[in-house]
Amino acid sequence: MTDFLPPADPRNRPPESGRKTEERAGPSGGSRSPYSRQLGITSRFKALAQNAPEAAGARAPMRILCVEDSDIDFELMQYALRSAGLAHTATRVEDEAGMSEALAAGTWDVVISDHNLPRFSSAAALKVLRRVEPDTPFLIVSGAIGEDAAVAALQAGADDYLMKNSLKRLAPAIEHALAAANDRRKRRAAQDELRDSLDYLRTVLTASPIAIITLDSNLRISLFNAAAERIFRIDRDAIGATPQSITDPANQRVLERLRDAIRHGPVQNIEETWIRGDGAARDFTFAAARLGEDESAGAVVFVADNTEQKQAELTQRETETRFAAISENLPGVVFQMLARPAQRLLLMPFVSAGATHLFNIAPADFLANPSRFTDLLDLVDREHMFDALNKAIDTGSFLEGQWQIARADGSRRWIQLSATAREANGGNWLFDGIITDITPQKETERELTSSREELRELTAHIEALKEEERRAVAREIHDDIGSTLARMKADLAWLARHHGDNAEIAAKIASMTELADGAVQTANRIVQALRPGILDYGIAPALEWQAKDFASHNGIEVSFETNDEELVLDIEQSTALFRVFQESLTNVSKYARATRVETELFATPTSVTLEVRDNGAGFRAGDLMKPTSFGIRGMMERVRALGGWLDISGPAGKGTTVMLSIPRRRPGAAGAAATDSEQEAAAGAPYQTRSLLDATTTYRQGTTT
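Quick note: the sequence shown uses the working numbering, first residue 55, plus one each step.
As structure tokens, then:
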């Protein structure tokens, strides 16, 4: 073959790392390698190429990866393959990097490697290939390889080795290696399939809830799974030492069935009771079949433990009996309702015997028309029920509601429906619950509400009378006692002027004057308590005066703010706000242990809000419900009588907040009491409670005359 070598040997060139040369050789031969044009190999071998045999068959060209540093040897190898009619494409690499890149880029039918390369070797190439593909054929084609090296290569996993001066055997060697690789793949696939099957069978046997046991002809246990060990309380250690025989006389019926299976053929779905060694009785369903053609082969037994199922069935029957007894005696109707919200369909496929009493319809008649329930509701309640039903479905909450129904006899009853929802198939929902007759409760509630309204009106009327009485008493004290004391002081002053020279008389006059002043102050306090005259100047000045008066007497800082200094309300509202403020401050002094109180009065065109906050001890949740909390109840009743609300809040240790809000009414508005004093206030001449000696407290100037 050296006669056909080109003049210049390309192996004398410097090596190029990772260089690849690819040539596609079809049945017609024909080289496309760029190196073929450079070296003129095609022209050199033109005569031989013309005599190359045609490739046979329509098999796809074989992909060959060649680890070779010589272009000449690479071309000769391909010529040998074309001469043998082996259609192929070939790629040449020279080192490990090039080989790894080629293996990562695609799959190869065969890898052919030179034994010794400047930067690589056949042993290293074989390791690179086996890391990626364990079955791809690997052939060594070398100009010089020793017998020991060849044997070592074959032992390492190479399929064959050839000498470069004898390439006629290359194509048959490749075919043989491909067949061997295919056999290896088949064996590996079969082994993997067998391993998977064994793993699958082992998993099934281990996880199976059904006991699987094999018995010999003497009914001795040979194999069993975990379920059998658990169900029958089989001693695994004892079985391993000496096969355990099933011979308990208490289980003769089962043993005879097993012997029948061994002698005559399979038995299926036999239900029996098995008495275990610990004396426990278990309900079984079992099947058995002979393992071989004769009795000596024994049998395999499949056992399902139905004890819990039997107990569940018994419990279910008892539950159904108990439920039937309870539902028949309940003062209501137990029902199941099927709802399809998208079509607004509502059916009751089950109602208890209570339907006769509540609906005046027999259960059989009711179930004959499952949509009858919605017909009992009027249109408004029907819509409300569908709204409640959709909300229960959307939020996953209970379906609850109170509606009226028109019974078959024409009477109307109030019902309360309570049910739990669970989703069924096809977009349907099932509701299980109870319907009770709450007509008596509704009537009681109506009577109670009416009584409360009457009581509230009576309370408001009493409070109004009390305030009116207080004003009248205050007026009487002011007009009668006040004028009397004033004249008495005037007379004492006259006596002092005319008889003051007598020391004894002067002392008596001074003593009487002091007593008169004390009586005046006492009367003033009574008048202020009965009906503070400061209210005549407006609610804002009255609240601010009360705040300062409380601060001066109790040593607690009290602030007051308002957005309307000129706020004018009718006397009833002003008095209610003032009394609530007084009671709030009283509670602060008694219970709060506070050092600061903040008060805000906020008025809008439609409402008036008063907020009183302290920094005291707060209160516990049950304090508001004490039977002796008359002050708080009084505040609430005053505010409710005016159509407002009152809220008291304050976590323990964080102070207390009293907030109330009432609709704003101006003097003379509809619903306002028109007393004489209020008429005077509306006319711009407010009634003023004067001091008994015409000592007028001028709030805005902060002076006392």
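Even glycine gets a Cβ: it sits at the ideal position worked out from N, Cα and C.
Three-state class that DSSP yields for residue i in the structure shown
i, result
"R307", "helix"
"G688", "helix"
"W599", "helix"
"V622", "coil"
"H169", "coil"
"I588", "helix"
"D163", "coil"
"I329", "strand"
"S90", "Caution applies to S90, whose pLDDT of 38 falls short of 50 and renders its modelled position unreliable; the value that the coordinates give is listed next. S90: helix per DSSP, three-state reduction."
"P226", "helix"
"A594", "helix"
"G384", "Checking the displayed sequence, the identity of residue 384 turns out to be Leu instead of Gly. Of the three classes helix, strand and coil, the one that applies to L384 here is coil, per DSSP."
"P403", "strand"
"S661", "strand"
"G572", "helix"
"F452", "coil"
"E187", "coil"
"D668", "strand"
"D701", "strand"
"L431", "strand"
"I415", "coil"
"T493", "helix"
"T616", "strand"
Cβ-Cβ distance between residue i and residue j below 8 angstroms
i, j, result
"F635", "L589", "no"
"N482", "A393", "yes"
"I580", "I531", "yes"
"S271", "I316", "yes"
"D213", "A244", "no"
"A418", "V387", "no"
"L655", "F604", "no"
"R307", "E326", "yes"
"L171", "E148", "yes"
"K602", "T567", "no"
"A550", "I563", "yes"
"L255", "Q390", "no"
"R287", "D332", "yes"
"R719", "P659", "no"
Residue from the options with nearest C-alpha to residue i
i, options, result
"V195", "R692, L157 and L119", "L119"
"A657", "E508, I686, E620 and V666", "E620"
"L412", "L248, A334 and R467", "R467"
"E362", "F338, F377, I469 and P385", "F338"
"A225", "S175, G211, R436 and A134", "A134"
"P263", "D253, S251 and E283", "E283"
"V642", "E558, G709, T663 and A630", "G709"
"E665", "I686, K562 and M713", "M713"
"Q34", "L130, N360 and V651", "With the chain represented from 55 up to 759, any question about residue 34 goes unanswered, as that position is not in the structure."
"S124", "D168, S137 and E637", "D168"
"R238", "P191, Y254, E347 and V205", "P191"
"T145", "A138, G139 and E155", "E155"
"T490", "E611, L384, K181 and D668", "L384"
"V258", "K240, L273 and A281", "A281"
"R426", "E437, A335, V434 and A462", "A462"
"A478", "T503, T498 and I447", "I447"
"E497", "D701, L512 and Q458", "Q458"
"I716", "S703, G707 and A695", "A695"
Exposure of residue i, with buried meaning 16 or more beta-carbon neighbours within 10 Å
i, result
"G480", "exposed"
"P595", "buried"
"N279", "buried"
"S661", "exposed"
"G111", "Annotation note: pLDDT 46 at G111 (below 50); position unreliable, coordinate value reported separately. The residue in question, G111, is exposed, as its Cβ has fewer than 16 Cβ neighbours within 10 Å."
"R647", "exposed"
"D127", "buried"
"Q132", "buried"
"R506", "exposed"
"L509", "exposed"
"D289", "exposed"
"N578", "buried"
"F377", "exposed"
Whole-Å CB distance - residue i paired with residue j, under 8 angstroms assumed
i, j, result
"T653", "S628", "At roughly 15 angstroms, the Cβ-Cβ gap does not stay under 8 angstroms, so T653 and S628 are not in contact."
"L471", "G487", "6 angstroms"
"V121", "L232", "Contact doesn't hold; Cβ gap of about 18 angstroms is too wide."
"P705", "G672", "5 angstroms"
"L277", "V355", "Contact doesn't hold; Cβ gap of about 11 angstroms is too wide."
Neighbour flag for residue i against chain D, beta carbons, 8 angstroms
i, result
"R136", "Annotation note: the requested chain D is absent from the structure, which comprises a single protein chain."
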